[in-house]
Amino acid sequence: MKPARDKRPVIVETQNLAMHFGGVRAVDQVDFTLFDKELRCLIGPNGAGKSTFFKCLTGQLVPSAGKVIIRDGETTGFEPHEIASLGVGIKTQVPNVFDGLTVDENIWLSARRWHAAKRARAVVAETIERLQLGDIRREMVGRLAHGQRQWVELGMVVAAEPWLVLLDEPAAGMTHDETARTADLIKEINTQAALIVVEHDMQFIRMISKQVTVFHEGRVLMEDTMDAISKDKRAREVYLGNRA
Amino acid sequence: MTGGNTGMRPVLIFALIGTVFMFGAPYVLQLFTIINLTTAIALAVLALSLALVWGFGGILCFGQVAFFGLGAYAYTMGAINFGGSTWAILVAILVSSAFAAILGYFVFFGRVSDVYLGVITLTVTLIFFSLIRRTSGPEFKIGIAQIGGFNGVTSPPLNLPWDTSSFLFPEQVFYVAMAALILCYVFCGWLMNTHFGRVCVGIRENELRAELLGYDSRLYKLGIFTISAGIAAIGGVLFCNGVGRITPDVFNLYNAALTIIWVIVGGRGTLIGPIAATFGLFYLTSALGGQSTLNNNLVLGVILIFFVLLVPKGVAPTITDWVARRRRPRKASRRARRTMRRDEGSNA
Numbered sequence: 001m002k003p004a005r006d007k008r009p010v011i012v013e014t015q016n017l018a019m020h021f022g023g024v025r026a027v028d029q030v031d032f033t034l035f036d037k038e039l040r041c042l043i044g045p046n047g048a049g050k051s052t053f054f055k056c057l058t059g060q061l062v063p064s065a066g067k068v069i070i071r072d073g074e075t076t077g078f079e080p081h082e083i084a085s086l087g088v089g090i091k092t093q094v095p096n097v098f099d100g101l102t103v104d105e106n107i108w109l110s111a112r113r114w115h116a117a118k119r120a121r122a123v124v125a126e127t128i129e130r131l132q133l134g135d136i137r138r139e140m141v142g143r144l145a146h147g148q149r150q151w152v153e154l155g156m157v158v159a160a161e162p163w164l165v166l167l168d169e170p171a172a173g174m175t176h177d178e179t180a181r182t183a184d185l186i187k188e189i190n191t192q193a194a195l196i197v198v199e200h201d202m203q204f205i206r207m208i209s210k211q212v213t214v215f216h217e218g219r220v221l222m223e224d225t226m227d228a229i230s231k232d233k234r235a236r237e238v239y240l241g242n243r244a
Numbered sequence: 001m002t003g004g005n006t007g008m009r010p011v012l013i014f015a016l017i018g019t020v021f022m023f024g025a026p027y028v029l030q031l032f033t034i035i036n037l038t039t040a041i042a043l044a045v046l047a048l049s050l051a052l053v054w055g056f057g058g059i060l061c062f063g064q065v066a067f068f069g070l071g072a073y074a075y076t077m078g079a080i081n082f083g084g085s086t087w088a089i090l091v092a093i094l095v096s097s098a099f100a101a102i103l104g105y106f107v108f109f110g111r112v113s114d115v116y117l118g119v120i121t122l123t124v125t126l127i128f129f130s131l132i133r134r135t136s137g138p139e140f141k142i143g144i145a146q147i148g149g150f151n152g153v154t155s156p157p158l159n160l161p162w163d164t165s166s167f168l169f170p171e172q173v174f175y176v177a178m179a180a181l182i183l184c185y186v187f188c189g190w191l192m193n194t195h196f197g198r199v200c201v202g203i204r205e206n207e208l209r210a211e212l213l214g215y216d217s218r219l220y221k222l223g224i225f226t227i228s229a230g231i232a233a234i235g236g237v238l239f240c241n242g243v244g245r246i247t248p249d250v251f252n253l254y255n256a257a258l259t260i261i262w263v264i265v266g267g268r269g270t271l272i273g274p275i276a277a278t279f280g281l282f283y284l285t286s287a288l289g290g291q292s293t294l295n296n297n298l299v300l301g302v303i304l305i306f307f308v309l310l311v312p313k314g315v316a317p318t319i320t321d322w323v324a325r326r327r328r329p330r331k332a333s334r335r336a337r338r339t340m341r342r343d344e345g346s347n348a
């Protein structure tokens, strides 16, 4: 690890984190650190434990053992709303949006959580401008295409102006064009906040990644840059195969 | 379910229509009809409270009549003990809300899922039914008020605030009931436009997303559940005033199910729909009561099945959708014509 990076404060840390489902060790003894303003991708084959690890960070799952520390406080066993209330923006794998409400209302509910009424309306307008959702702002989110729903969810994350963003497969089901825009948005968010991005799409990871953590069978296999990982023999074996 | 932030305008329009009706009806209708209408209004307040908690909060409370009946009993017991109705009304609202808050605390903070919540609330209602039916003896009393078992107890009429000697006449009770309905309706409409109300609708749409935005869904659910119980209690106070007595039958399965039917027929996600459906079905059952060819419950059952299968959204949302569909193409074509005219103008 480069010493320059170590000077930045650690904002997410897990110690010996484990999540067991019956006899299955979905996440096992994971020690993980994320520095301030870092952009980190989590990759790994299906069932490697990325999403389970993600859910332990967001409070959707209570880990079987170990600790999660966000900023300076331990958050193991926190409810999702408690994690979010720390100023953490979260996007889940399956789009979680308010289907029966308009795009406007979806983003307003996020902005209003942090701002008074007047400022919230301004934030909604800014967010809609920034994510180019103007044409569909009065549409019911349930009627939108999958990619647009993903963007509405990203809009909700952005509108909360978080300092830490957790994204689970943000580019899933998006067209090539949308994926490129998402990559740009993630880089833009990264100027203000640290990110953890769980992703499958290698193309997408190459667009955004600096540091990548590879999961395999519930453990961290290695942690390095994307280039180094694609050259690494073990990583190629478990995940990249012939695709890289 | 539709709905969300629709603004206050439709609410105020319906409130205005209600106010006109309130002052006009006694000039047109006979006293007997007015007395009957007071009971219907009380039930409409009950329907409104379920429309709030189920239609907007997404909480299927199968035992809304429990809070309604509890309010009616608390009012009656209070009014007999205090010798006046003013404090009794407050006591009724407080008892019902407090009971809902306690029940809701265990249910929501225990993360009981939707279906079980319906079962629990219905069970609580039926427990009240059995419990109060068994309080016939003179030893069952609260203060000086006998609970009265399955015969129920006579409810003292409303009096002017803090003037226990001047009781209200049935016509005046009608005014009070109608005013209460309109105020509760406007209050609910206002509430659904506040930050709190909009978060509640968000939780109905997607509880996990609301949590991931940093809202504690349990608190919001508990809030709307408690508020709706308070409104149901107001309905209960009006009901025992309209009927003149309160019996444990208010807690029975028939009434619990009837409340659900009103909201299904009227439409979830609206406030005016369930109110209108209550009046409609109340008068339908009254009319059916006058004949013996058709069984009352059979007709209600057929109506319920008809709505669930063919008008699943309920009356009010179906009408709104229909109007919106008719308006939209016309608006669009008007806009197109305008653009065309502008283009022609620029050519010339």
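Residue numbers (my numbering), protein chains in the order written: chain A, 1 to 244; chain B, 1 to 348. In this text, a Cβ means the ideal position worked out from N, Cα and C, and glycines have one as well. Everything numeric in this text was worked out from a predicted model, so none of it was measured.
- Task: Would you verify that the beta carbon of L133 of chain A is, or is not, closer than 8 Å to some beta carbon of chain B?
- Result: At a cut-off of 8 Å between beta carbons, L133 of chain A makes no contact with chain B.
- Query: When burial is assigned at 16 or more other CB atoms within 10 Å of the CB, is D28 of chain A buried or exposed?
  - Reply: By the neighbour-count rule (16 or more Cβ atoms within 10 Å), D28 of chain A is buried.
- Message: Counting only beta-carbon separations shorter than 8 Å, does D168 of chain A have a partner in chain B?
- Response: With its beta carbon at least 8 Å from every one in chain B, D168 of chain A lies outside the interface.
- R198 of chain B - DSSP class collapsed to helix/strand/coil: Annotated three-state conformation of R198 of chain B is helix, per DSSP.
- Message: Just checking: is the beta-carbon of N206 of chain B within a distance shorter than 8 Å of some beta-carbon in chain A?
- Response: Yes, its Cβ sits closer than 8 Å to a Cβ of chain A.
- Item | Under 7 Å by beta carbon: chain B residues contacting F98 of chain A | Simply G202, E205, N206, R209.
- Item | Per DSSP, cross-strand counterpart(s) of G89 of chain A | Paired residues: A:V165.
- Query: Which ranges does the beta strand (DSSP E) cover as unbroken runs of at least 3 residues, wholly within the stretch 129-189 of chain B, from first to last along the chain?
  - Reply: Runs found: 163-167.
- Item | Neighbour flag for V112 of chain B against chain A, beta carbons, 8 Å | Contact with chain A is absent for V112 of chain B, since none of that chain's Cβ atoms lies less than 8 Å from the residue's Cβ.
- Query: Does the distance from the C-beta atom of C188 of chain B to that of Y75 of chain B stay below 8 Å?
  - Reply: Result no, Cβ atoms of C188 of chain B and Y75 of chain B do not sit closer than 8 Å.
- Query: Any C-beta of chain A sitting closer than 8 Å to the C-beta of M1 of chain B?
  - Reply: Because M1 of chain B sits at a pLDDT of 43, beneath the cut-off of 50, its placement in the model cannot be relied upon, and the point is left open.
- Span of the beta strand (DSSP E), counted from its first residue to its last, around Q15 of chain A: Per DSSP, Q15 of chain A belongs to the beta strand (DSSP E) from 10-21.
- Per DSSP, which residues does D232 of chain A bridge with? Please list them. BP columns for D232 of chain A are empty, so no partner.
- Near M140 of chain A, which residues of its chain fall below 8 Å by C-beta distance, leaving aside the five closest residues on each side in sequence? The beta carbon of M140 of chain A sits closer than 8 Å to the beta carbons of D99, G100, L101, T102 from its chain, once the five residues preceding and following it are set aside; these are given in chain order.
- Message: When you compare the stretch 155-162 of chain B with the stretch 250-266 of chain B, are there three or more beta-carbon pairs, one atom per stretch, that lie closer than 8 Å?
- Response: Cβ pair count under 8 Å is below three, so no.
- Sequence-distant residues of its chain with Cβ nearer than 7 Å to S64 of chain A (five each side left out): The residues are A18, M19, H20.
- Message: So, at 8 Å on beta carbons, what are the nonlocal neighbours of V220 of chain A in its own chain, with the 5 sequence-adjacent residues on each side left out?
- Response: Within the same chain, V220 of chain A has close Cβ partners V30, D31, F32, T213, V214.
- Query: Below 8 Å between beta carbons: does that hold for G350 of chain B and G289 of chain B?
  - Reply: Missing from the structure shown is residue 350 of chain B; chain B here goes from 1 to 348 and no further.
- Message: At the level of alpha carbons, what is the spacing between G301 of chain B and T318 of chain B?
- Response: Computed Cα separation, rounded: 21 Å.
- Return yes when the Cβ of I41 of chain B is within less than 8 Å of the Cβ of L238 of chain B, no when it is not. In contact: L238 of chain B and I41 of chain B (Cβ atoms closer than 8 Å).
- Mapping DSSP to helix, strand and coil, what is H176 of chain A? In the structure shown, H176 of chain A adopts helical secondary structure according to DSSP, grouped into three states.
- Query: Is the Cβ of S110 of chain A closer than 8 Å to any Cβ of chain B?
  - Reply: Taking Cβ atoms only, chain B reaches closer than 8 Å to S110 of chain A, which makes this a yes.
- Tell me, please, whether the CB atom of S209 of chain A is closer than 8 Å to any CB atom in chain B? Chain B, which has no Cβ nearer than 8 Å to the Cβ of S209 of chain A, makes this no.
- Starting from the Cα of L310 of chain B, find the closest Cα among B:L298, B:G280, B:V265 and give me that residue. Proximity to L310 of chain B across B:L298, B:G280, B:V265 peaks at B:V265, based on C-alpha coordinates.
- In this structure, what does DSSP give as the bridge partners for F35 of chain A? According to DSSP, F35 of chain A bridges with A:V10.
- Could you run through the stretch 72-91 of chain A and flag, in chain order, every residue whose CB is less than 9 Å away from some CB of chain B? Those would be E79, P80, H81, E82, I83, A84, S85, L86, G87, V88, G89, I90, K91, in chain order.
- Query: Are G104 of chain B and F225 of chain B touching if we call contact CB-CB under 8 Å?
  - Reply: The Cβ atoms of G104 of chain B and F225 of chain B sit closer than 8 Å to each other.
- Within 8 Å (strictly less), CB to CB, does V53 of chain B reach chain A? No, no contact with chain A.
- Task: Return the chain-ordered ranges of every alpha helix (DSSP H) run that is complete within the stretch 268-337 of chain B and spans a minimum of 4 residues.
- Result: For the alpha helix (DSSP H) assignment, the uninterrupted runs of no fewer than 4 residues enclosed by the stretch 268-337 of chain B are, from N- to C-terminal side, 272-289, 296-310.
- Residues from the stretch 139-156 of chain A in contact with chain D, defined by Cβ distance under 7 Å: In summary, chain D is missing from the structure at hand, where the protein chains are A and B.
- Message: Tell me the residue span of the alpha helix (DSSP H) that contains G71 of chain B.
- Response: First-last of the alpha helix (DSSP H) with G71 of chain B: 64-82.
- Message: Output needed in chain order: residues of the stretch 112-126 of chain A with a Cβ under 7 Å from some Cβ in chain B.
- Response: The stretch 112-126 of chain A vs chain B, Cβ under 7 Å: R112, R113.
- What residues from chain A crowd round D216 of chain B, counting only those whose CB sits closer than 7 Å? Residues of chain A whose Cβ lies closer than 7 Å to the Cβ of D216 of chain B are, in chain order, H81.
- Could you name the residues that DSSP lists as bridge partners for G100 of chain A? Answer by DSSP bridge pairing: none, since G100 of chain A is not bridged.
- Please check if any C-beta of chain B sits within less than 8 Å of the C-beta of A160 of chain A. Yes, because at least one Cβ of chain B sits closer than 8 Å to the Cβ of A160 of chain A.
- Message: Measuring alpha carbon to alpha carbon, tell me which residue in B:L181, B:T154, B:A72 is nearest G18 of chain B.
- Response: Check the Cα spacing between G18 of chain B and each of B:L181, B:T154, B:A72: the tightest is with B:L181.
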